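Residue numbers (the working numbering): -9 to 158. No residue lacks a Cβ here, since even glycine has one placed at the ideal position from N, Cα and C. Remember, it's a predicted structure, so these values are computed and weren't measured experimentally.
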Amino acid sequence: VQVWWVQLLGKPPADPDAQTNIGWHQDRNYWGSWEQGSQLFTAWVAVSDVAVDCGPMKFLRGSSKWGVLEGSDFYGQDHQAQQSAIQVPEGEKWEEVAAILPPGGVSFHDNLTFHGSGPNLSNNMRRSFAIHLRTEKSRPVDGKRQGLTACIDDYSRCPVIYGEASNR
């Protein structure tokens, strides 16, 4: 398992004029540097308390098994409109699960998992970081090392944290 990208994230506290929703999306739609079928996932780590009122990340239960679907929009502010646009596969249902976490708590999700978040209605900044990971079965498109895959051979910047290569 190799770390290939890390993000520090903050969701500002209540501001009725701010558009701070993160729309329902699958990370796969934004990670085109990787071949289809790559095993990519994220560890989302809470730095501050993530309670119901601070716009926690929400996941759609079972969506990692639905494949890549249309309607994914990271910037979408209208979650109800997105829910209407995303075609949930027959036999599946739209079930949201919130990641309520204490500081230091972590949730994991696959690159096909639909996720998003609503506004932070608390008086505190919601802080977190996302550690994006891959397995050895993940390959850059056409073998090219560019954009998000540019540094994967530099183990001082993109360390292997589990497996045979973790001793490098």
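- Taken in chain order, the unbroken stretches of beta strand (DSSP E) that lie wholly in the region 37 to 85 and span 3 residues or more are 47 to 50.
- Out of GLY81, GLN26, SER97, TRP21, the CA that lies nearest to the CA of ALA88 is found in SER97.
- According to DSSP, GLN29 shares a beta bridge with no other residue.
- TRP14 has its alpha-carbon roughly 13 angstroms from the corresponding atom of PRO109.
- For ILE121, the enclosing beta strand (DSSP E) starts and ends at 116 to 124.
- Residue environment analysis places TRP84 among the exposed positions, since fewer than 16 neighbouring C-beta atoms fall within 10 angstroms of its C-beta.
- Counting along the chain, no beta strand (DSSP E) covers ASP5, and no H or E run does either.
- Counting only the Cα atoms, ALA4 lies some 31 angstroms from LEU123.
- By the neighbour-count definition (other C-beta atoms within 10 Å, threshold 16), VAL40 is a buried residue.
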